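Take the sequence shown: its position 354, counting from 1, is numbered 361 in my numbering, and each next residue is one higher. Positions of the beta carbon are idealized from the N, C-alpha and C atoms, including for glycine. Nothing here was measured: the structure is a model prediction, and the numbers come from that model.
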Amino acid sequence: MMHQELVEKRRWISEHRFLHALNYTMVLPGPEAQQLATYIGWLMFGIGGGLVAGILFVLPSLFILSALTWVYLTYGDVSAISGILYGIKPAVTAIVLFAAYRIGSKALSNKVLKVLAVLAFIAIYQFSIPFPYIVISAVIIGYLGAKFSPDTFKGGAHHGDTKDNSAPALIDDDTPVPDHAKFKWSRLIGFAVIGIGLGFLVMSQLDNKALQTMGEFFTKAALVTFGGAYAVLPYIYQGGVEQYQWLTATQMMDGLALGETTPGPLIMVVAFVGFVGASAKEILDSESMLIAGFIGASVATFFTFLPSFLFIFLGGPGIEATRGNLKFSAPLSAVTAAVVGVIVNLAVFFALATLYHNQQIDWISLVITLAAFIALFRFKIGIMSVIAVSALIGLGLTLI
Numbered sequence: 008m009m010h011q012e013l014v015e016k017r018r019w020i021s022e023h024r025f026l027h028a029l030n031y032t033m034v035l036p037g038p039e040a041q042q043l044a045t046y047i048g049w050l051m052f053g054i055g056g057g058l059v060a061g062i063l064f065v066l067p068s069l070f071i072l073s074a075l076t077w078v079y080l081t082y083g084d085v086s087a088i089s090g091i092l093y094g095i096k097p098a099v100t101a102i103v104l105f106a107a108y109r110i111g112s113k114a115l116s117n118k119v120l121k122v123l124a125v126l127a128f129i130a131i132y133q134f135s136i137p138f139p140y141i142v143i144s145a146v147i148i149g150y151l152g153a154k155f156s157p158d159t160f161k162g163g164a165h166h167g168d169t170k171d172n173s174a175p176a177l178i179d180d181d182t183p184v185p186d187h188a189k190f191k192w193s194r195l196i197g198f199a200v201i202g203i204g205l206g207f208l209v210m211s212q213l214d215n216k217a218l219q220t221m222g223e224f225f226t227k228a229a230l231v232t233f234g235g236a237y238a239v240l241p242y243i244y245q246g247g248v249e250q251y252q253w254l255t256a257t258q259m260m261d262g263l264a265l266g267e268t269t270p271g272p273l274i275m276v277v278a279f280v281g282f283v284g285a286s287a288k289e290i291l292d293s294e295s296m297l298i299a300g301f302i303g304a305s306v307a308t309f310f311t312f313l314p315s316f317l318f319i320f321l322g323g324p325g326i327e328a329t330r331g332n333l334k335f336s337a338p339l340s341a342v343t344a345a346v347v348g349v350i351v352n353l354a355v356f357f358a359l360a361t362l363y364h365n366q367q368i369d370w371i372s373l374v375i376t377l378a379a380f381i382a383l384f385r386f387k388i389g390i391m392s393v394i395a396v397s398a399l400i401g402l403g404l405t406l407i
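Here it is in C-alpha cells:
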C-alpha cells in the first residue's frame with residue numbers, strides 16, 4: 008500500500024530511494040512498515056516528519072484496537088468482528104501476493120536475484136530457517152557479489168528504469184541528501200541520549216510493577232522481532248500467556264483476530280495484550296477497566312515502537328550516505344530479493360490458514376481471494392477499497 012501511494016500515485020519518493028529505505032528496515036528488528044513510514048517522513052521533513060509519520064502510522068490502531076478490546080472484554084461477543092475478519096483474511100492473502108508481485112517485478116531484475124528469492128522461499132517454507140539467518144545469508148551473498156559480479160547486483164540496486172517511465176518524484180534518484188539527513192556525530196549522540204533518556208523517564212513514571220514489567224518485556228520484544236510480527240508472536244505468547252499470565256491462550260488467539268481487522272501493522276496486537284493484561288492485574292485498583300486497559304495498551308505500544316524511532320533517526324544518515332555505493336547497496340539489494348521470497352511464504356501461510364478448513368477448500372474464501380487479486384492487479388482498485396468491500400461481504404455472510 009505504501010509503495011502504491013507514495014511511489015506510484017503521489018510521487019513523493021522514487022522507486023530507487025523507496026527500495027533503498029525498505030532494504031534498511033528489512034535488516035532491522037522491529038515493525039518494518041512503521042519504520043519505513045518513519046524513514047520516509049524523516050527523509051522528507053526531518054525529525055518532525057519522522058515523528059508525525061511514525062506516530063500516526065500506529066495511533067489509529069491503538070485507539071481502534073483498544074475500543075474493540077474493551078467491547079470484547081465487556082460483552083464477550085465478537086461474532087460481527089469474526090464475520091468482518093472472515094471477509095478480510097482472503098483479501099489480505101491477495102494483497103500479500105500482489106505486494107510480492109509488485110516488489111518482485113522491480114527488484115528481481117536478473118536471474119541471480121530471482122534464484123535468490125526462490126532459495127529464500129524454500130529456506131523459510133520447507134526448512135523453517137529463521138528470517139534473521141536468511142537476511143544474514145543474503146547480506147553475505149550481496150557483499151561477495153559486489154566483489155565478483157558487480158554488474159549483477161548493480162542492476163538489483165537500481166531496480167530497472169522506473170525513472171524513465173514515471174514523472175519526477177519529490178525525492179528523486181538524483182535529489183541531494185538534505186542537510187537534516189546528513190551524518191553528524193553530535194546529532195547521533197544527541198538523538199541517542201534523548202531517545203534512551205525518554206525511555207528511562209517514562210519507565211520511572213510507571214509506579215505499578217505490572218506496567219514496569221510490560222515496559223521491559225515489550226522493549227525486549229521490539230529488539231528480537233526480526234522478520235516482522237509473525238516472528239515475534241511466539242515470543243509475545245510465551246511471555247504474555249505462560250510467563251506473566253496477562254491473558255489466556257484463547258484471549259491471545261482472539262487478540263490476533265482483532266488485530267487483523269484493524270488498520271496498521273499486525274504487531275499492534277501488543278496493544279491488545281497490554282489492555283487485557285492491565286485490566287486483569289487491576290493496575291488502578293478501581294473498576295475502570297477502560298482507563299486501566301488503555302494505559303496498559305499505551306505502555307505496550309510505546310515501548311514496542313520507541314526502539315524503531317531510534318533505529319531510523321540514528322541509522323538513517325549512514326544509510327543515505329551509502330546510497331549509490333555498491334559495497335553497501337549490493338547486500339541490501341540481495342536482502343530485497345530474499346524478502347520477496349519471504350513475502351511469498353507469508354502469502355502461502357495466509358492462503359493455507361484462510362482457504363483450507365478441516366482439510367477442505369473454503370470456496371467462498373477462494374472466490375474472495377481471486378476477486379481481490381483481480382481488482383488489485385487488473386483494475387488497479389485501491390487496497391482500502393478492496394478491504395472494505397471484503398469486510399462487508401464477510402459481515403453479510405455472517406448475518407445471513
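Comparing C-alpha distances from A304 to each of A40, A382, F70 and L35 shows the shortest one belongs to F70.
The three-state secondary structure of Q367, taken from DSSP, is strand. Taking the Cα positions, G90 is about 21 Å away from Q366. Sixteen is the threshold: since fewer than 16 other Cβ atoms of the shown chains lie within 10 Å of the Cβ of F134, the residue is exposed. Rounded to whole angstroms, G94 and V200 show a C-alpha spacing of 46 Å. Per the Cβ contact rule, the segment 142-150 is not in contact with the segment 37-50 (fewer than 3 Cβ pairs under 8 Å). Within the model, the alpha-carbon separation for Q258 versus L240 is close to 14 Å. With a cutoff of 9 Å on beta-carbon distance, I326 and H27 are scored as near each other. Residue range M296 to A328 is occupied by the alpha helix (DSSP H) that includes T308. Between L104 and F356, the C-beta spacing is not below 9 Å. Distance from the CA of L123 to the CA of T329, rounded to the nearest whole angstrom, comes to 23 Å. Taking C-beta atoms as the reference points, G202 and L317 count as a pair closer than 9 Å. Secondary structure within the segment 220-274: the alpha helix (DSSP H) runs of 4 or more consecutive residues, fully enclosed, are 236-244 and 256-268 (chain order).
Beta-bridge pairing by DSSP links I178 to I20. In the three-state reduction of the DSSP assignment, L213 falls in the coil class. Buried is the label assigned to D261, since at least 16 other Cβ atoms lie within 10 Å of its Cβ.
Excluding sequence positions up to five before and after F312, its CB lies within less than 8 Å of the CB of G37, P38, Q41, G61, V65 and A229, all in the same chain and listed in chain order. Taking a C-beta distance under 9 Å as the contact criterion, L254 and V283 qualify as a contact pair.
About 6 Å separates the beta carbons of L72 and L265, which is inside the 8 Å limit, making them a contact pair.
A distance of 9 Å or more separates the beta carbons of P185 and R18. Between V342 and S372, the alpha-carbon positions lie close to 32 Å from each other. Rounded to the nearest angstrom, the Cβ distance from I178 to I20 is 5 Å, consistent with a contact under 8 Å. S156 sits in coil when the DSSP states are folded into three classes, being neither helix nor strand. For I136, the secondary structure class from DSSP, reduced to helix, strand or coil, is coil. Sorting L383, G401, Q11 and F320 by C-alpha distance to the C-alpha of H187 places F320 at the top. Counting the other Cβ atoms within 10 Å of the Cβ of I368 gives fewer than 16, which makes it exposed. Looking from the CA of L377, the closest CA among A358, A395 and H364 belongs to A358.
Between G323 and Y82, the alpha-carbon positions lie close to 45 Å from each other. Going by C-alpha positions, F52 is about 19 Å away from K16.
In the structure shown, R109 falls within a helical segment according to DSSP collapsed to helix, strand and coil.
Contact check for L43 and L58: beta-carbon distance about 15 Å, past the 8 Å limit, so the pair fails to qualify. Taking a 10 Å sphere around the C-beta of Y363, we find fewer than 16 other C-beta atoms and assign the residue as exposed. Within the model, the alpha-carbon separation for I131 versus T220 is close to 33 Å. Only residues of its own chain outside the window of five on either side were considered, and among them W19, I20, F25 and I47 have a CB closer than 8 Å to the CB of L13, listed in chain order. DSSP places F386 in no alpha helix (DSSP H); its state is neither H nor E. The criterion of a C-beta distance shorter than 9 Å is satisfied by T405 and A87.
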